[in-house]
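In UniProt numbering, the protein residues as written are 1 to 141.
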């Protein structure tokens, strides 16, 4: 019997990757952040895949960013445009990105969302400039 060169398969890692593929394929991701008192705040956002993580993009001085700075644990799951959950929500960790990594997320968003993505990103750039938005990398637990 020939040994498997890739080594043993970690079922948890395979399941996590499958969830990332499913969540990044949707148009919207419900990201639930937490206030300092623990109150959950769900927000629907566009989502892209970033390797073995999810990527979202938002206004740099938004409340969501402030909450993530205070508490990086979040819940994520599929939702519709109005933020109504359409599937299971999963625990995850959010990481605020550098301007360079944020630029890569803008490119991914343009590719995924087509003309709507291009117009949204252009409008944001005209209003806020490149530093007015930030990418957030979300890693499932």
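Positions of the beta carbon are idealized from the N, C-alpha and C atoms, including for glycine. Just so you know, these numbers come straight off a predicted model, no measurement behind them.
Among the bridge pairs identified by DSSP, residue 53 is matched with 50. Nearest in C-alpha terms to residue 133, of all of 68, 140 and 103, is 103. Classified as exposed, residue 18 has fewer than 16 neighbouring CB atoms from the shown chains inside 10 Å of its CB. Contiguous alpha helix (DSSP H) elements confined to the segment 12–91 occur at 63–70, taking only those with 4 or more residues. Straight through space, the alpha carbons of residue 138 and residue 54 are spaced by roughly 5 Å. Residue 75 sits away from residue 47, with the two beta carbons spaced by 8 Å or more. Bridge pairing for residue 140: 92 [DSSP].
Here residue 92 has 54, 73, 74, 75, 76, 138, 139, 140 and 141 as same chain residues with Cβ atoms under 8 Å from its own Cβ, once five neighbours each way along the sequence are excluded. Residue 107: member of the alpha helix (DSSP H) spanning 99–128, first to last residue.
Inter-residue distance for residue 112 and residue 69 is about 27 Å (C-alpha atoms, whole angstroms). Within the DSSP secondary-structure output, residue 135 pairs in a beta bridge with 57.
In this structure residue 31 is in contact with residue 45, their Cβ atoms being roughly 6 Å apart against a cut-off of 8 Å. Ranked by how close their Cα comes to the Cα of residue 37, the residues 135, 52, 27 and 71 have 71 in first place.
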